[in-house]
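Using my numbering, you'd call the opening residue of the sequence shown number 383 and step up by one each time. All C-beta atoms in this analysis are idealised placements derived from N, C-alpha and C, irrespective of residue type, glycine included.
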Amino acid sequence: MALNTDISTRSFIVALKSPFGGKSTREIAEMTGISPRTIDSIYGRACQRGFEPNARLIKILPQYLEDAPRAGRPHWTLEDWKNVIWSDETSVVLNHRRGGYRVWRRLDEVFTKSVIRERWKGYSEFMFWGCFTYDYKGPCHVWRPETAQEKRDAALQIEELNKALEPLMREAWELTTGMKRLGLRNKPGRVPQWRWVKETGKLARESSRGGIDWWRYQTQVLIPKLIPFAKECQKERPRVFVQEDKAPSHTHHAQRTIYRNAEVEQLPWPGNSPDLNAIEAAWPWLKRKTTRRGAPKSRAEGTKVWQQYWDELPQHQIQAWIEHIPFHIQEIIKLEGGNEYKEGRRDRST
Numbered sequence: 383m384a385l386n387t388d389i390s391t392r393s394f395i396v397a398l399k400s401p402f403g404g405k406s407t408r409e410i411a412e413m414t415g416i417s418p419r420t421i422d423s424i425y426g427r428a429c430q431r432g433f434e435p436n437a438r439l440i441k442i443l444p445q446y447l448e449d450a451p452r453a454g455r456p457h458w459t460l461e462d463w464k465n466v467i468w469s470d471e472t473s474v475v476l477n478h479r480r481g482g483y484r485v486w487r488r489l490d491e492v493f494t495k496s497v498i499r500e501r502w503k504g505y506s507e508f509m510f511w512g513c514f515t516y517d518y519k520g521p522c523h524v525w526r527p528e529t530a531q532e533k534r535d536a537a538l539q540i541e542e543l544n545k546a547l548e549p550l551m552r553e554a555w556e557l558t559t560g561m562k563r564l565g566l567r568n569k570p571g572r573v574p575q576w577r578w579v580k581e582t583g584k585l586a587r588e589s590s591r592g593g594i595d596w597w598r599y600q601t602q603v604l605i606p607k608l609i610p611f612a613k614e615c616q617k618e619r620p621r622v623f624v625q626e627d628k629a630p631s632h633t634h635h636a637q638r639t640i641y642r643n644a645e646v647e648q649l650p651w652p653g654n655s656p657d658l659n660a661i662e663a664a665w666p667w668l669k670r671k672t673t674r675r676g677a678p679k680s681r682a683e684g685t686k687v688w689q690q691y692w693d694e695l696p697q698h699q700i701q702a703w704i705e706h707i708p709f710h711i712q713e714i715i716k717l718e719g720g721n722e723y724k725e726g727r728r729d730r731s732t
């Protein structure tokens, strides 16, 4: 069901959009501030579950509006998790040493800023990507700044892809639009006109301020490194899943095409869930190793030392991290998705 909408809001939307309410999707969107796509999804799901919009006395029951049950994978065993390729990126800050600092403070100064080493999320000298499974350690990748020439080459390649993609997307759009306007429930307003834009499937790069967008992830990691590693893993474990978080570079619709063509399955992943990702434990391990004799002082030095310790990361350590996943799942269920970080509570004295 739609995100960020409670039952009363969904009921209000269904009532307004029904013939009894007589409001169009656009009018409801203006009234509620909810996107037209979400409104149509709520109404369509209610109709699928038994809501009858043409009844003389409409009934909107809770089962028409409630979220569908999502069991997730709480009963997966370790053998199931051995089929997963875990992947992620982490930021590397030069001249930043991993590890604890000793400070003098009073008992009541535990959360005082002057005795806490602050971290700035998003600031880094480079990003490091890696992947592994229970059986094998996969490739790694160090992201470097994109050059002006690489940007120009990417623009030309994307333009060629769009030329080939537009006829296919237009054909699919015309078929979908035609089915919607068969006359069974004619919608008011203008007849839709085809436009080749981002919303209809046109590929375009967004300004990422030097970050990692879908194009760089696809051309530097997904196609040359991650997919080949997954195909190798399939030889021993045919049902392999690739785990990625919900970073925009991972969830772009162009990536689904790559997975579909390669016949590699993606593991549906909940957002903001690092405790469920086995590779998250690798980053503290690597940051301790790479700064044990002092933090790297240049990008070249940092790249070299990170690749060195990735190669030295023992497989038995990877297996230990993956073996903890079933326990993590049960703990998260027990805490109902919360955490036990004291500084995250309103009453910090408890």
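Just verifying my parser: in three-state terms, what is the DSSP assignment at E734? Past the boundaries of the shown model lies residue 734; the chain is included only from 383 to 732, so the question cannot be answered.
What is the residue span of the beta strand (DSSP E) that H635 lies within? Along the sequence shown, one-based indexing puts residue 635 at 253. Here H635 belongs to no beta strand (DSSP E); instead the alpha helix (DSSP H) covers 635 to 644.
Taking E471 as part of the alpha helix (DSSP H), name the residues at either end of that continuous run. To locate residue 471, count along the sequence shown from 1; it is residue 89. Taken as a continuous stretch (DSSP letters only), E471 belongs to no alpha helix (DSSP H), being part of the beta strand (DSSP E) at 466 to 474.
Is there at least one Cβ from chain D nearer than 9 Å to R572's Cβ? The structure shown contains no chain D; it is built from a single protein chain.
Please state if the CB of L695 and the CB of W667 are separated by a distance shorter than 9 Å. Position 285 of the sequence shown, counted from the first residue, corresponds to residue 667. Position 313 of the sequence shown, counted from the first residue, corresponds to residue 695. Yes. Within cutoff.
Could you spell out where the alpha helix (DSSP H) holding G426 opens and where it closes? Position 44 of the sequence shown, counting from 1, holds the residue named residue 426. Here the alpha helix (DSSP H) through G426 covers 418 to 430.
Beta-bridge pairing of F514 - partner residues as DSSP gives them: Stepping through the sequence shown from its first residue, residue 514 is reached at position 132. Answer by DSSP bridge pairing, in chain order: W468, K519.
Threshold first: 4 residues or longer. Then list the alpha helix (DSSP H) segments lying entirely within the region 599 to 623, N to C. 609 to 616
In the DSSP output, what is V524 paired with across the bridge? By one-based count along the sequence shown, residue 524 stands at place 142. In the DSSP output, where bridge partners are listed per residue, V524 has F510.
Let's test the definition: count the other Cβ atoms within 10 Å of the Cβ of G684 and tell me whether it reaches 16, buried, or not, exposed. Sequence index remark: in the sequence shown, residue 684 carries index 302 (1-based). So G684 counts as buried.
Identify the residues that DSSP records as bridge partners of Q625: which are they? The sequence position of residue 625 within the sequence shown is 243, counting from 1. According to DSSP, which records beta bridges pairwise, Q625 is partnered with W468.
For the structure I just gave you, are there three or more beta carbon pairs, one from the region 648 to 661 and one from the region 608 to 621, closer than 8 Å? no
Please list the segments of the alpha helix (DSSP H) lying wholly inside the region 658 to 685, counting only runs of 4 or more residues, in order along the chain. 664 to 672
Simplified DSSP assignment, three categories, for E733: Residue 733 falls outside the range modelled here, since the chain spans only 383 to 732, and no answer is possible.
Report yes or no: do the region 404 to 413 and the region 431 to 446 share at least 3 C-beta pairs separated by less than 8 Å? no
Could you give the DSSP three-state label for N544: helix, strand or coil? Numbered from 1 along the sequence shown, position 162 holds the residue referred to as residue 544. Reduced to three states, the DSSP call for N544 is helix.
Quick test of the definition: if touching needs 3 or more C-beta pairs under 8 Å, does the region 623 to 636 touch the region 529 to 536? no
K464 versus A660, L489, Q539, residue with shortest Cα-Cα distance: The residue given as residue 464 occupies position 82 in the sequence shown. The residue with the shortest Cα to Cα distance from K464 is A660.
Our contact map puts V474 next to W692 with C-beta atoms below 8 Å; I'd like the distance itself, whole angstroms only. Within the sequence shown, the letter at position 92 stands for residue 474. Within the sequence shown, the letter at position 310 stands for residue 692. Wrong, their Cβ atoms sit about 12 Å apart, outside the cutoff.
Is it true that the CB of T459 sits closer than 9 Å to the CB of P708? Position 326 of the sequence shown, counted from the first residue, corresponds to residue 708. Position 77 of the sequence shown, counted from the first residue, corresponds to residue 459. Contact: yes.
Buried or exposed by the 16-neighbour rule on C-beta atoms within 10 Å, applied to R392: If you number the sequence shown from 1, residue 392 lands on position 10. By the 10 Å Cβ count, R392 comes out buried.
Candidates K519, K441, P418: closest to I700 by CA position: By one-based count along the sequence shown, residue 700 stands at place 318. Per the Cα distances, K519.
For R392, which three-state DSSP category applies? Within the sequence shown, residue 392 is the residue found at index 10, counting from 1. Note: R392 maps to helix in three-state DSSP.
Helix, strand or coil: how does DSSP classify L398 here? Start at 1 with the first residue of the sequence shown, and residue 398 comes out as number 16. It is helical.
Coarse secondary structure for W486, derived from DSSP in three states: Counting from 1 along the sequence shown, the entry for residue 486 is found at position 104. It is coil, neither helix nor strand.
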